[in-house]
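Trainee: Pasting in a structure now, in structure tokens, and then I'll have a few things to ask.
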Amino acid sequence: MLLSPRPREPDVACLKISHPSMEQLHHPSIQSTSYSVTFTNKSCFLLHVHIDHLSKLYAMLLPIILFSTMAEEGSVAPMEGKWKHPMLAFFKDIRLVFKLDSLGKEILTIAVPAAMAFAADPVASLIDTAFIGHIGPVEIAAVGVSIAIFNQVSKVAIFPLVSITTSFVAEEETIERLNSKLPKDENIEKGSMDKDETTELVKNEDAKIENLENGSIIRDKKNELPPEDGFKTNPCKHMTITENTRTKLKLGKQKRNIPSASTALLIGAVLGLLETLLLVFLAEPLLSLMGVKSGSKMLLPAHKYLTLRALGAPAVLLSLAMQGVFRGFKDTKTPLYATVVGDVANIILDPVLIFACKLGVSGAAIAHVLSQYLISIILLVKLMQQVDLLPPNLKALQLSRFLKNGFLLLFKVLAATSCVTLAASLATRLGATPMAAFQICLQVWLTSSLLADGLAVAGQAIIATSFAEKNYEKATSTASRVLLMGCVMGAGLGLFIGLGLQFGSGVFTKDINVKHIITIGLPFVAGTQPINSIAFIFDGVNFGASDFAYSAYSMILVAIGSIGSLFVLYKAAGFVGIWVALSIFMGLRAIAGIWRIGTGTGPWSFLRK
């Protein structure tokens, strides 16, 4: 250790500490009003100590030595270098993709249960369809049309509701948590512990609770024992360990005050009732629009199934709104538990109501509705245990904020849906065989969304929390990590799908011509999986940053360009042209997400500073 005072600055001493393991170390404690640090190279750093008297230098050596020891043991993390261009932020965590550090574990803890919950419903629907298939071909065709109508109408409301709820709840929960820490910290500083663990009881219970919550100090007029060393005490005031413990328990039992949770439930209930009325009174026109005319044998079973399923719309919207709340809490296990219980109940009720009670398609619809209400009840009970669902006033609901962003995402959903719907419509014009191949390829093509949506949910929840905490470093790291994980996952999924469809297309069809056309579309289906994953995850990243406007407007522009390419490429190359256009559609979605962060605009403007 070398000490060299500077001749021209008598009040400044230069301390040079060499350490073999130091490499651009940084710790907040090294910065203060009395001294600062200048880093020189990988083997040493220069400390400029501003002191009034050189004798004070010895008092400052202790934190320096401690810092050096922490660095040697790896307790101090290396300072991240400044990313000179926002585009480089995407590769920030490229070496940590497979590392199960704290961030990696947090992402997987949220993403895995979310992906499992997303996959649970399709699996239950397949089993549901298998039971209905035993009734007859007319019934299963009728139910298929009804489910398509119900899902399409529900999707318009579900996607904006769940996405907005997750972000807003994550923000409010974080702000409430940060605010609650302030009075607790003040209480710890003000409150002192008596050596004696007992105190007189307060006669007024309400006053006692108020004192405990406010961290006030109860005066002990009888016994004032000398304080233990190491504790800050007031000779006239103290709080016992027992009371301090009770205070923590009291604060721990308090329900969260999250106005967005109440708003989400209110909007979900209203939208659910509106959907029920729409599907009940407009069932026949909607079925006719889907090709089920008045003279069709499918009309009666389709009408029965659709009207009965419509009664479950409030439960569907409410349950998904509550899932958004739990996602905002970074809790995806509770929705998974409720979804699995509901789907198992649906599977059990199907054979009982369809065959034992001889209700046919009506029994299938009733079983599904009952399972949805069961899911809603489970989630509501769990939510009421954690959240105070009665807002202090109507202004706290922030309905205007919800509705404004909700309409933006509504346009996003319509724009995205229009491209896929148009592609299916154009494939229908090619004939029955190309249409069959297209539907098989399309369903497989979208399978990555189940896994990617899990990462999107994790990214959204963590990024929303990080922005609320103003922890932009973690927000950037999370965006980088989930996108890189999605890219790797998409590549693996693409390889799996490519081999699976090449050798296992017989699982979907036995028609040789359909198999041949599937082979033609295979390069697009498998090759675009990484792009699809990135595009889906960017939705979660944008929503986590509350960048709803950009997400909506960019999707509208992407849809306009993609629809134009669909018509042009369909006329030029038919089946292949449709898949090229769909690949362009997903590619443009990914580019829109890359552009926002890569240019450091909007909520990501801090990347340019």
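The numbers in the numbering used here rise by one with no breaks, and the one at position 9 of the sequence shown is 22. Every residue gets a Cβ at the ideal spot worked out from N, C-alpha and C, and that includes glycine. As the structure is a computational prediction, the values presented were derived from the model and not from experiment.
#1: Using the Cα positions of residue 84 and residue 497, report the straight-line distance between them to the nearest angstrom.
#2: Mind pulling the alpha helix (DSSP H) runs of 4 or more residues that sit fully within the region 526-564?
#3: Among the candidates 553, 588, 141 and 455, whose CA atom is the shortest distance from the CA of residue 443?
#4: With H, G and I counted as helix, E and B as strand and the rest as coil, what does DSSP make of residue 400?
#5: Would the region 606-617 count as touching the region 559-569 if we require 3 or more Cβ pairs under 8 Å?
#6: Here's a check: name, in chain order, each residue in its chain whose Cβ is nearer than 6 Å to the Cβ of residue 127, leaving out the five neighbours to either side.
#7: Would a C-beta distance cut-off of 9 Å place residue 400 and residue 271 closer than the cut-off?
#8: Just the Cα atoms here: how many angstroms apart are residue 493 and residue 551?
#9: In three-state terms, what does DSSP make of residue 609?
#10: With 16 as the cutoff for other CB atoms within 10 Å, does residue 308 come out buried or exposed?
#11: Within the same chain, show all residues whose beta-carbon is closer than 6 Å to that of residue 449, passing over the 5 residues directly before and after it, in chain order.
#12: Count the other CB atoms, across all protein chains shown, that sit within 10 Å of the CB of residue 191; report buried if there are 16 or more and exposed otherwise.
#13: Over the uninterrupted alpha helix (DSSP H) stretch that includes residue 405, give me the two end residues.
#14: Report the rounded CA-to-CA distance for residue 621 versus residue 98, giving the unit in angstroms.
#15: With DSSP as the reference, identify every bridge partner of residue 442, one or two as the case may be.
#16: Which residues in the same chain as residue 331 place their Cβ atom closer than 7 Å to its Cβ, once the five residues preceding and following it in sequence are excluded?
#17: Going straight from the alpha carbon of residue 404 to that of residue 535, what length do you get?
#18: Determine whether the beta carbon atoms of residue 409 and residue 312 lie at a separation below 9 Å.
#19: How about the region 133-142 and the region 289-300: do they share at least three Cβ pairs that are nearer than 8 Å?
#20: Rank 585, 523, 537 and 532 by C-alpha distance to the C-alpha of residue 504 and give the top, closest one.
#21: From which residue to which residue does the alpha helix (DSSP H) around residue 137 run?
#22: With distances taken from CA atoms, which of 567, 456, 490 and 557 is nearest residue 104?
#23: Apply the 10 Å Cβ neighbour rule to residue 370 and answer buried if 16 or more other Cβ atoms are within range, or exposed otherwise.
#24: If you drop the 5 nearest sequence neighbours on each side, which residues of the same chain put their C-beta closer than 6 Å to that of residue 543?
#25: Around the C-beta of residue 473, are 16 or more other C-beta atoms found within 10 angstroms, so that it is buried, or is it exposed?
#26: Can you tell which of 146, 600 and 516 has its C-alpha closest to the C-alpha of residue 367?
#27: Return the CA-CA distance between residue 386 and residue 583, expressed in angstroms with no decimal places.
#28: Can you give the Cα-Cα distance for residue 230 and residue 121, rounded to whole angstroms?
#29: Give the range of the alpha helix (DSSP H) segment to which residue 482 is assigned.
#30: Mind checking if residue 391 is an interface residue toward chain C, Cβ cutoff 9 Å exclusive?
#31: Spell out the partners DSSP gives residue 269 in its beta bridges.
#32: Span of the alpha helix (DSSP H) holding residue 347?
#33: In chain order, what residues of the same chain lie with their CB nearer than 6 Å to the CB of residue 129, ignoring the 5 residues before and after it?
#34: Have a look at 396, 575 and 178 and flag the residue whose alpha-carbon is nearest the alpha-carbon of residue 415.
#35: Which residue comes first and which comes last in the alpha helix (DSSP H) that contains residue 339?
Mentor: So, to answer that:
#1: Along the sequence shown, one-based indexing puts residue 84 at 71. Along the sequence shown, one-based indexing puts residue 497 at 484. With a pLDDT of 41 at residue 84, under the threshold of 50, the modelled position of this residue cannot be trusted; read the value that follows with caution. Using only the alpha carbons, I get a separation of about 30 Å.
#2: 542-557
#3: Translated into positions along the sequence shown, residue 443 becomes position 430. Answer by Cα proximity: 588.
#4: Indexing the sequence shown from 1 puts residue 400 at position 387. If DSSP states are grouped into helix, strand and coil, residue 400 belongs with the strands.
#5: yes
#6: The residue you call residue 127 lines up with position 114 of the sequence shown. Contacts found: 345, 467 and 470.
#7: Residue mapping note: residue 400 aligns to position 387 of the sequence shown, counting from 1. Residue mapping note: residue 271 aligns to position 258 of the sequence shown, counting from 1. In contact: residue 400 and residue 271 (Cβ atoms closer than 9 Å).
#8: Working through the sequence shown from its first residue, we reach residue 493 at position 480. Working through the sequence shown from its first residue, we reach residue 551 at position 538. Between residue 493 and residue 551, the C-alpha separation is close to 10 Å.
#9: For the purposes of this step, residue 609 is taken as the residue at position 596 of the sequence shown. Residue state, collapsed to three classes: helix.
#10: Translated into positions along the sequence shown, residue 308 becomes position 295. With fewer than 16 Cβ atoms within 10 Å of its Cβ, residue 308 is classed as exposed.
#11: Translated into the one-based positions of the sequence shown, residue 449 becomes position 436. Cβ within range, chain order: 527.
#12: Working through the sequence shown from its first residue, we reach residue 191 at position 178. With fewer than 16 Cβ atoms within 10 Å of its Cβ, residue 191 is classed as exposed.
#13: Within the sequence shown, residue 405 is the residue found at index 392, counting from 1. Counting along the chain, residue 405 falls outside any alpha helix (DSSP H), and DSSP gives it neither H nor E.
#14: Against the sequence shown, residue 621 aligns to sequence position 608. Against the sequence shown, residue 98 aligns to sequence position 85. The alpha-carbon atoms of residue 621 and residue 98 are separated by roughly 7 Å.
#15: By 1-based counting over the sequence shown, the position of residue 442 is 429. Answer is none; residue 442 lacks a bridge partner.
#16: The residue given as residue 331 occupies position 318 in the sequence shown. Cβ neighbours of residue 331 beyond the five flanking positions: 278, 281, 282, 285 and 389.
#17: Walking along the sequence shown from the start, residue 404 turns up at place 391. Walking along the sequence shown from the start, residue 535 turns up at place 522. Rounded to whole angstroms, residue 404 to residue 535 spans 52 Å at the Cα level.
#18: In the sequence shown, the residue the question calls residue 409 occupies position 396. In the sequence shown, the residue the question calls residue 312 occupies position 299. Their beta carbons are not under 9 Å apart, which means residue 409 does not touch residue 312 by this criterion.
#19: no
#20: For this step, residue 504 is matched to residue 491 along the sequence shown. Here the closest residue by C-alpha is 537.
#21: Position 124 of the sequence shown, counted from the first residue, corresponds to residue 137. It spans 115-146 - the alpha helix (DSSP H) in which residue 137 sits, taken as one unbroken run.
#22: Walking along the sequence shown from the start, residue 104 turns up at place 91. Ranking the options by Cα distance to residue 104, first place goes to 490.
#23: Walking along the sequence shown from the start, residue 370 turns up at place 357. The residue in question, residue 370, is exposed, as its Cβ has fewer than 16 Cβ neighbours within 10 Å.
#24: Start at 1 with the first residue of the sequence shown, and residue 543 comes out as number 530. Only 500, 503 and 504 meet the Cβ criterion.
#25: By 1-based counting over the sequence shown, the position of residue 473 is 460. Burial call: buried.
#26: Position 354 of the sequence shown holds residue 367. Residue 367 has its Cα closest to that of 146, out of 146, 600 and 516.
#27: On the sequence shown, position 373 is the one that residue 386 refers to. On the sequence shown, position 570 is the one that residue 583 refers to. Looking at the two C-alpha atoms, the distance is approximately 44 Å.
#28: The residue labelled residue 230 in the question sits at position 217 within the sequence shown. The residue labelled residue 121 in the question sits at position 108 within the sequence shown. Residue placement at residue 230 is flagged as unreliable, the pLDDT there being 40, under the threshold of 50; the coordinate-derived value follows with that caveat. Near 44 Å, if we compare the C-alpha coordinates of residue 121 and residue 230.
#29: Walking along the sequence shown from the start, residue 482 turns up at place 469. Here residue 482 belongs to no alpha helix (DSSP H), and DSSP marks it neither H nor E.
#30: In the displayed structure, chain C is absent; only one protein chain is listed.
#31: Within the sequence shown, residue 269 is the residue found at index 256, counting from 1. Partner(s): 400.
#32: Working through the sequence shown from its first residue, we reach residue 347 at position 334. Segment 346-364, the alpha helix (DSSP H) holding residue 347.
#33: The sequence position of residue 129 within the sequence shown is 116, counting from 1. Only 349 meet the Cβ criterion.
#34: For this step, residue 415 is matched to residue 402 along the sequence shown. Of 396, 575 and 178, the residue nearest in Cα terms is 178.
#35: The count along the sequence shown starts at 1 and reaches residue 339 at position 326. 326-341 is the span of the alpha helix (DSSP H), which, as asked, contains residue 339.
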